[in-house]
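All residue numbers for the sequence shown refer to the numbering used here, where the first residue is 3 and numbers rise by one. Presented below is the structure to which this report refers.
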Amino acid sequence: MDAKHKHLELIQGIIARMGGNLFYLRGWSITLVAGLLALLSQKDSLKLFPFLMLSAVIIIFWIYDGYFLSLERKYRRLYDKVRELPENKIDFSMEVEEFSKYKDCSLFYCVLSKTLAPFYIFLLGATIYLILIRS
Numbered sequence: 003m004d005a006k007h008k009h010l011e012l013i014q015g016i017i018a019r020m021g022g023n024l025f026y027l028r029g030w031s032i033t034l035v036a037g038l039l040a041l042l043s044q045k046d047s048l049k050l051f052p053f054l055m056l057s058a059v060i061i062i063f064w065i066y067d068g069y070f071l072s073l074e075r076k077y078r079r080l081y082d083k084v085r086e087l088p089e090n091k092i093d094f095s096m097e098v099e100e101f102s103k104y105k106d107c108s109l110f111y112c113v114l115s116k117t118l119a120p121f122y123i124f125l126l127g128a129t130i131y132l133i134l135i136r137s
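Here it is in structure tokens:
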């Protein structure tokens, strides 16, 4: 059981890092959008370019966040697979591509998941609202 426990610990470490990445990305996206909005508020009028720039930043962070959520879900599936393997089948493989076939592990599904979509839709909506109020 020692090899199985060690392999599970390695996978759990990756899952924890993915969760941390998700947290940091959301913090960075809020910080960057707030900073850009603060810079844009110094001008007399807001034009289409700042709106497009802020929207692009939010969408890029949204997709990147979805990518990390997708990876985290694949590693959770790997964890479950290793947990059920017999001791003599443990090979310390960290390959997760075999789990890409699952719908809940796809990038598109993760971007539109109930954990990411509300956050980024709200952030995008708040940004649009602030730009429209300002102009």
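Quick reminder that beta carbons are idealized off the backbone N, C-alpha and C, glycines included. Here the structure is a predicted model, which is why all the values come from computation and not from measurement.
Selection from the options that minimises the alpha carbon distance to residue i
i	options	result
Q14	F124, L132, S102 and Y77	Y77
F101	A119, K116, R75 and S95	R75
S108	L80, I17, Y69 and L132	Y69
A58	A40, Y81, L34 and R79	L34
L73	Y131, E86, I62 and L24	L24
R80	I16, T117 and L42	The residue asked about is misnamed: residue 80 is Leu in this sequence, not Arg. Checking every option, the nearest Cα to that of L80 belongs to I16.
S31	I65, L132, I133 and K103	I65
H7	I123, K103, L87 and L125	L87
Y26	L134, F63, G127 and L56	F63
L132	K116, L71, L42 and N90	L42
D4	I135, F121 and E89	E89
K105	Y122, G127, L71 and L12	L71
Cβ-Cβ separation, residue j to residue i (assumed contact under 8 Å), whole Å
i	j	result
I92	V84	7 Å
R19	D67	Their Cβ separation, rounded to whole angstroms, is 14 Å, which puts R19 and D67 out of contact at 8 Å.
F110	H9	The pair is not a contact, with the Cβ atoms about 30 Å apart (cut-off 8 Å).
T129	I60	7 Å
Per-residue DSSP class, three states only, for residue i
i	result
K116	coil
S31	helix
**Message:** To test your reading of the DSSP string, which unbroken alpha helix (DSSP H) runs of 4 or more residues are found completely within the region 56-110?
**Reply:** none
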